[in-house]
Ligand SMILES: Cc1cc2nc3c(=O)[nH]c(=O)nc-3n(C[C@H](O)[C@H](O)[C@H](O)COP(=O)(O)OP(=O)(O)OC[C@H]3O[C@@H](n4cnc5c(N)ncnc54)[C@H](O)[C@@H]3O)c2cc1C
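In the working numbering, the protein residues as written are 233 to 602.
Structure, rendered in structure tokens:
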């Protein structure tokens with residue numbers, strides 16, 4: 233067996249080539265054992281419940297609806313638990329594993345808190361265990377129709393449309409795809425990102441981290457520990473009180489010692505190719521800069537929700553829904569997971585969003601006869 237250096241997966245040695253020197257009877261055996269061309273099974277496009285989004289919540293909803301005997305299809309525009317896949321490569325969850333569990337499948341980890349990799353493994357195994365019908369790389373673009381008879385169009389990786397029909401819809405589309413914007417000149421430069429992956433590309437460069445919550449704090453520390461010169465800018469007077477108790481003092485001590493430079497009560501005024509201008513209480517400061525990480529949060533796709541007729545309430549853009557069944561103002565369309573909190577994305581996490589599946593399934597049980 234050979235080991236692939238890229239993926240670590242095992243590769244079988246290459247099959248020997250058939251040559252004219254090979255005895256005829258051996259050639260026959262090879263031909264007979266060659267894999268037969270497979271025809272793709274016709275995909276079912278009609279279902280009781282169609283779930284949009286295969287995040288932890290979407291998966292929990294699928295499991296609970298399946299448990300009461302309903303046919304369920306999950307459409308996911310990326311890979312399984314796509315948001316978690318795009319989280320920082322070396323991240324460790326804040327939450328202990330049992331609080332991330334869905335479908336009563338235990339999640340055990342060697343350390344107190346799971347890593348991103350362990351979480352990806354866990355949700356893969358759960359999807360496999362329940363044989364969930366998750367159709368990855370299918371991006372839902374439109375939902376039309378009415379309770380009991382919805383038509384949904386999704387496009388695949390090649391942009392080909394696929395039409396589904398369903399009695400009920402559960403929207404569990406999360407918030408990680410749309411970043412909050414600074415709205416300043418230079419934000420569109422390629423050196424600016426609203427997502428932090430891993431520290432290596434930033435080694436020996438000047439990085440500005442914008443924000444004062446967990447994501448900004450974690451990125452600033454990780455970058456500094458891997459050889460970047462880090463400046464932190466936050467518009468408040470201090471780090472947010474939500475920053476975890478094991479992260480906050482670490483960062484505060486780095487700031488106190490001058491290892492990480494920090495500007496509080498300050499905001500970025502402009503981003504240039506090689507510099508940034510920060511408005512500080514002492515006046516504008518111009519800094520040499522290679523990269524900007526704007527860790528200022530994310531928000532649900534409000535336009536997508538509105539396109540289905542879901543109303544959003546007041547300033548916080550919470551979808552109008554029954555707080556118990558989570559059925560929205562559009563009969564037959566349910567909302568689940570972090571989107572239920574609108575712009576208050578720190579109110580619902582995996583820890584509490586995972587229970588939305590049970591709430592919705594209880595209502596589906598009353599309304600659909602499995
Ligand atoms: C860095 C970081 C660390 C975190 N740590 C924790 C933690 O320790 N504990 C905790 O409980 N929470 C944590 N959270 C929050 C948690 O990850 C989210 O609250 C959670 O993922 C929300 O789950 P969800 O299923 O509602 O949405 P998501 O996980 O975002 O899933 C939504 C899915 O819908 C898909 N999708 C979106 N639009 C469409 C469409 N039109 N068609 C098809 N698919 C679509 C997306 O690709 C995505 O896979 C963390 C968040 C971040 C950013």
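Cβ coordinates follow ideal geometry from the N, Cα and C atoms, glycine included.
Check                                                                                                                        : Outcome
Distance cut-off 7 Å: residue 406 Cβ against heavy atoms of ligand 1                                                         : yes
Pair within 8 Å by beta-carbon distance, residue 527 and residue 451                                                         : yes
Start-end ranges of the beta strand (DSSP E) lying completely within the segment 299-377, minimum 3 residues                 : 304-307
Burial state of residue 343, where buried means 16 or more other Cβ atoms lie within 10 Å                                    : exposed
Sequence-distant residues of the same chain with beta carbon closer than 6 Å to residue 246, five excluded per side          : Residue placement at residue 246 is poorly supported in this model, since its pLDDT is 36, which falls under 50; the coordinates still yield a value, given next. Nothing meets the Cβ criterion.
Assigned secondary structure, residue 576 (DSSP; H/G/I helix, E/B strand, else coil)                                         : coil
Residue 289, DSSP secondary structure in three states                                                                        : helix
Three-state secondary structure (DSSP) of residue 394                                                                        : strand
4 or more residues per run - each alpha helix (DSSP H) lying fully within the segment 518-563                                : 534-539
Check: residue 307 C-beta below 7 Å from any heavy atom of ligand 1                                                          : yes
Given 8 Å, three or more beta-carbon pairs between the segment 583-601 and the segment 306-321                               : no
Cβ-heavy atom distance, residue 372 to ligand 3, below 7 Å                                                                   : Ligand 3 is not part of the structure shown, which contains ligand 1 as its ligands.
Same chain, Cβ closer than 8 Å to residue 389, neighbours up to 5 away in sequence not counted                               : 369
For residue 608, three-class secondary structure by DSSP                                                                     : An answer regarding residue 608 cannot be provided, because it is not within the stretch 233 to 602 covered by the chain.
Alpha carbon of residue 465 to alpha carbon of residue 442, nearest angstrom                                                 : 5 Å
Cβ contact check for the segment 378-388 and the segment 343-362: 3 or more pairs under 8 Å                                  : no
Nearest-angstrom beta carbon gap, residue 463 and residue 519 [assumed within contact, 8 Å]                                  : 6 Å
The segment 556-572 in contact with the segment 397-414 per 3-pair CB rule at 8 Å                                            : yes
Local conformation of residue 582 per DSSP, three classes                                                                    : helix
Close-in-space but distant-in-sequence residues of the same chain around residue 552 (CB under 8 Å, 5 per side omitted)      : 542, 543, 544, 545, 560, 561
Helix, strand or coil at residue 570 [DSSP, three-state]                                                                     : helix
Same chain only: Cβ atoms within 7 Å of residue 590, ignoring 5 sequence neighbours per side                                 : 296
Buried/exposed call for residue 582, threshold 16 Cβ in 10 Å                                                                 : buried
DSSP three-state assignment for residue 257, whether helix, strand or coil                                                   : In this prediction, residue 257 scores a pLDDT of 49, lower than 50, which makes its location untrustworthy; the coordinate-derived value is nonetheless stated afterwards. It is helical.
Cβ neighbour criterion (16 or more within 10 Å) applied to residue 255                                                       : The predicted model places residue 255 with a pLDDT of 49, which falls under 50 and marks its position as unreliable, so this point remains unresolved.
contact_flag[the segment 276-288, the segment 301-316] where n(CB pairs < 8 Å) is 3 or more                                  : yes
Residues of its chain near residue 501, where Cβ-Cβ distance is below 6 Å and the 5 sequence neighbours each way are ignored : 509, 511
Closest residue to residue 458 among 491, 504, 507, 472 (Cα-Cα distance)                                                     : 491
Entirely enclosed beta strand (DSSP E) segments - the segment 451-504, minimum 3 residues                                    : 461-465, 493-495, 499-503
Closer than 7 Å: residue 320 CB and nearest ligand 1 heavy atom                                                              : yes
Through-space distance from residue 576 to residue 549, alpha-carbon basis                                                   : 9 Å
Neighbourhood of residue 536 by C-beta distance below 7 Å, restricted to the same chain and skipping five residues each side : 405
Among 359, 533, 595, 479, the one whose alpha carbon lies nearest that of residue 294                                        : 359
Residue from 287, 365, 332 whose Cα sits closest to the Cα of residue 277                                                    : 365
Collapsed DSSP secondary structure at residue 433 in the structure displayed                                                 : helix
Of the listed residues 356, 336, 333, nearest to residue 311 (C-alpha basis)                                                 : 356
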